[in-house]
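So the structure is just underneath, and the comments pick up after that.
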Amino acid sequence: MGATTILRTAGLAATLAVCLLAPASAGAAAPLTIGSGHKPGVAVDAAGTAYLAWYGPESTVTSLNFCRLPRGAAACDVSTTIAAPGTTLSRPFVTVDGATVRVVSYRYGLTGARFDEIWQFTSADGGATFDAGHAIGVVPFDEAVRGPGATLTVATNAFFEGLVAQNVPLDGSTAGESRAVLSSDHPYNGTVGLVDANTPLAVFADGSSNAQFRRYTGAGSLNDPAAWTPAADIGYADYPRLAGGPSGLFLLSGTPQNALTVRKYNGTTFTAGARIADIADDAQAHLTEDPAGRLHAVFGRFGASGLELDYATSDDGIRWQAGPLLSQSATLAIGQLRAAAAPDHIGVAAWETASDSSSQIRVAAIGPTGGASPPVPGKSVAVGLVSGKVFVTSKAGKRARLIGGATIAVGSKVDTRRGRVRLTSAATGTGTTTQTADFYQGTFTVKQSRPKGNRAAALTTDIVLSAASRSQCGRGSARAAAVSKKKVLGKLWGNGKGKFRTKGKYSSATVRGTIWLTEERCDGTLTTVKRGSVSVRDLKRHKTVIVKAGRSYLARR
Numbered sequence: 049m050g051a052t053t054i055l056r057t058a059g060l061a062a063t064l065a066v067c068l069l070a071p072a073s074a075g076a077a078a079p080l081t082i083g084s085g086h087k088p089g090v091a092v093d094a095a096g097t098a099y100l101a102w103y104g105p106e107s108t109v110t111s112l113n114f115c116r117l118p119r120g121a122a123a124c125d126v127s128t129t130i131a132a133p134g135t136t137l138s139r140p141f142v143t144v145d146g147a148t149v150r151v152v153s154y155r156y157g158l159t160g161a162r163f164d165e166i167w168q169f170t171s172a173d174g175g176a177t178f179d180a181g182h183a184i185g186v187v188p189f190d191e192a193v194r195g196p197g198a199t200l201t202v203a204t205n206a207f208f209e210g211l212v213a214q215n216v217p218l219d220g221s222t223a224g225e226s227r228a229v230l231s232s233d234h235p236y237n238g239t240v241g242l243v244d245a246n247t248p249l250a251v252f253a254d255g256s257s258n259a260q261f262r263r264y265t266g267a268g269s270l271n272d273p274a275a276w277t278p279a280a281d282i283g284y285a286d287y288p289r290l291a292g293g294p295s296g297l298f299l300l301s302g303t304p305q306n307a308l309t310v311r312k313y314n315g316t317t318f319t320a321g322a323r324i325a326d327i328a329d330d331a332q333a334h335l336t337e338d339p340a341g342r343l344h345a346v347f348g349r350f351g352a353s354g355l356e357l358d359y360a361t362s363d364d365g366i367r368w369q370a371g372p373l374l375s376q377s378a379t380l381a382i383g384q385l386r387a388a389a390a391p392d393h394i395g396v397a398a399w400e401t402a403s404d405s406s407s408q409i410r411v412a413a414i415g416p417t418g419g420a421s422p423p424v425p426g427k428s429v430a431v432g433l434v435s436g437k438v439f440v441t442s443k444a445g446k447r448a449r450l451i452g453g454a455t456i457a458v459g460s461k462v463d464t465r466r467g468r469v470r471l472t473s474a475a476t477g478t479g480t481t482t483q484t485a486d487f488y489q490g491t492f493t494v495k496q497s498r499p500k501g502n503r504a505a506a507l508t509t510d511i512v513l514s515a516a517s518r519s520q521c522g523r524g525s526a527r528a529a530a531v532s533k534k535k536v537l538g539k540l541w542g543n544g545k546g547k548f549r550t551k552g553k554y555s556s557a558t559v560r561g562t563i564w565l566t567e568e569r570c571d572g573t574l575t576t577v578k579r580g581s582v583s584v585r586d587l588k589r590h591k592t593v594i595v596k597a598g599r600s601y602l603a604r605r
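For the sequence shown, this note's numbering assigns the number 49 to the initial residue and increments by one for each residue that follows.
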């Protein structure tokens, strides 16, 4: 797929979203460079800390490098080279279980009984130190999946034996040379995923991208080809990538028209594809499913601003939100992409910038706030799409659908009537801490005063509710007036922690960690608390009322 073709058909929807949001944005966060080298592998724990490994840029014997990157950090808090035998040109695979971190790497040029082996390096202290490692298998894998259980299932690409899968243990033992040759005539781009916790499935293709799959039957050794179902054709699938989890097993691949599609495994085969992007570089694309079941796809393409890293997300594999995550100089590639995310749908994408010794390993945030710069006190907030459709209108009046995450100026209007947004604002005037809450089922304008005096003092973020005109309340018969009293002109749900204040016409509600509803009605502003407690200031009666869970307060006209 040539760059000329990509440039001719740059996606209008993605370009429009960037152009409309630009006036309201403080700019997307620049990617973080964590080292030099190639083919990063990444895992993310429940707290959002990323664990990355890659091989170095050396021309002869390559190094094996590791980084531990806490969420929101500007640099790795652990950055080390793992002492590994031999050399490699293959992507390492990373797993994390609490404080136990494993880096698995195919090595060759060894001086022992074998010239090549799969080695596992284990850290018991969160990646601070690694052991000397040991061999666990022999297959030169390019893709892998964790499981079943405490094992890793790997697959080859363009191996002389054909398409080979091997299940290797992560418990300190070894699989030796046992392995399953799944195809002799479809040896390319092997990828593996889990149908369920105990059932791996492999997809592989021939030189024309005609793909097949085989699934573990559930009986016998995974390293015995007889334990896998016969190969089944699934049609054209260029550079396939599998991702599985609570929402099912999904296949990302390219079409003959250079579009990216995602297909779901239905227990028998893969369904028709849902298109997520046109004219994308499917060779570099990657798909992951987080522990909560949300899908995240990352891929490179040429857009209006040059070479883009694009991001798409879906809860079902059918309906996708997609758009640019960041732009980069056209002189640098976005290759060998990988992504992982935590249960709260926030994670990282990692990639290399070139195929030579100048290549850098870069990382960017993905998820509800991925692509957004840190909020600036009194000037900007970060917003991220949680679900549904959310629209942002800048102070200049330009409206655009929110894709992924963005940084918007204070004074922007956010429409969540058909979606849910996660808003992160500065918690103090120094900007070193933040506060986050979700808002949904309403429209609001975000405001925050610039800090004065003590910059360490807490800042309140005002969420000003939008409502229909009170002319709708009407006048007339006593019965009609009674009915119109409770008519809702506007509403907004909030759920989060921090100093947020929702403001209606007749009251304001200040929270520090709760779920609450603000409704603008004909008879006043109603605050209802579902969890926690809220301090409601009645603006007409000049009094403050504490409203606890299960209760409401109406500030009357």
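Backbone N, C-alpha and C fix where the C-beta goes; we use that ideal spot for every residue, glycine too.
Among the options, the one whose alpha carbon lies nearest that of residue i
i, options, result
"proline 391", "Pro425, Val577 and Asp338", "Asp338"
"alanine 180", "Ala172, Ala121, Ala132 and Arg162", "Ala132"
"isoleucine 382", "Ser428, Leu471, Ala328 and Asp93", "Ala328"
"isoleucine 82", "Pro105, Ala123, Gly321 and Val90", "Ala123"
"tryptophan 564", "Ser127, Cys570, Ser555 and Ala597", "Ala597"
"leucine 100", "Arg194, Val411, Gly197 and Tyr154", "Val411"
"alanine 228", "Val92, Glu209 and Leu218", "Glu209"
"serine 138", "Val216, Ala285, Lys539 and Val187", "Val187"
"aspartate 145", "Asn271, Arg518 and Asp219", "Asp219"
"lysine 553", "Thr562, Arg585, Arg155 and Ser581", "Arg585"
"tyrosine 488", "Val462, Ala474, Pro499 and Ala504", "Val462"
"threonine 199", "Phe178, Arg263, Ser269 and Leu211", "Ser269"
"valine 310", "Ala285, Val595, Asn215 and Thr316", "Ala285"
"tryptophan 167", "Ala176, Val494, Phe141 and Glu191", "Phe141"
"alanine 475", "Ser428, Lys312, Asp93 and Ala557", "Ser428"
Cβ pair residue i, residue j closer than 8 Å
i, j, result
"alanine 275", "glutamine 260", "no"
"leucine 290", "threonine 247", "no"
"isoleucine 414", "alanine 389", "yes"
"threonine 361", "histidine 344", "yes"
"proline 118", "threonine 97", "yes"
"glycine 426", "serine 497", "yes"
"glycine 572", "leucine 602", "yes"
"leucine 242", "valine 193", "yes"
"leucine 513", "valine 469", "no"
"isoleucine 511", "glycine 542", "yes"
"proline 196", "alanine 245", "yes"
"phenylalanine 439", "alanine 485", "no"
"threonine 170", "threonine 148", "yes"
Terminal residues of the beta strand (DSSP E) in which residue i lies
i, result
"leucine 308", "308–312"
"histidine 334", "334–337"
"cysteine 124", "That residue, cysteine 124, is in no beta strand (DSSP E); it is neither H nor E in DSSP."
"serine 84", "80–84"
"arginine 367", "It is not in any beta strand (DSSP E) - arginine 367 carries neither H nor E in the DSSP assignment."
"alanine 448", "447–449"
"alanine 101", "98–103"
"lysine 578", "572–579"
"threonine 401", "Element bounds for threonine 401: n/a, residue is neither H nor E."
"threonine 592", "591–596"
"threonine 143", "141–145"
Backbone secondary structure at residue i - three-state DSSP
i, result
"leucine 602", "strand"
"arginine 15", "With the chain covering only 49 through 605, there is no way to say anything about residue 15."
"glutamine 384", "strand"
"valine 559", "strand"
"tyrosine 154", "strand"
"proline 372", "strand"
"glycine 453", "strand"
"isoleucine 394", "coil"
"serine 407", "coil"
"threonine 108", "coil"
"glycine 538", "strand"
"leucine 433", "strand"
"serine 428", "strand"
"asparagine 113", "strand"
"proline 423", "coil"
"serine 583", "strand"
"lysine 461", "strand"
"alanine 131", "coil"
"alanine 245", "coil"
"proline 88", "strand"
"glycine 348", "strand"
Proximity test, Cβ basis, 8 Å: residue i and chain C
i, result
"tryptophan 102", "The question asks about chain C, but that chain is absent: this structure has only one protein chain."
Taking the runs of the beta strand (DSSP E) that are 3 residues or longer, which of them lie wholly in the stretch 248–326?
-> 258–263, 280–284, 286–293, 296–302, 308–312 and 322–325
Counting only runs that start and end within the stretch 463–517, where is the beta strand (DSSP E) found for 3 or more residues in a row?
-> 482–488, 491–495 and 509–513
Which ranges would you report for the beta strand (DSSP E) in the stretch 161–241 if only whole runs of at least 3 residues count?
-> 164–171, 182–185, 191–194, 199–203, 211–217 and 228–231
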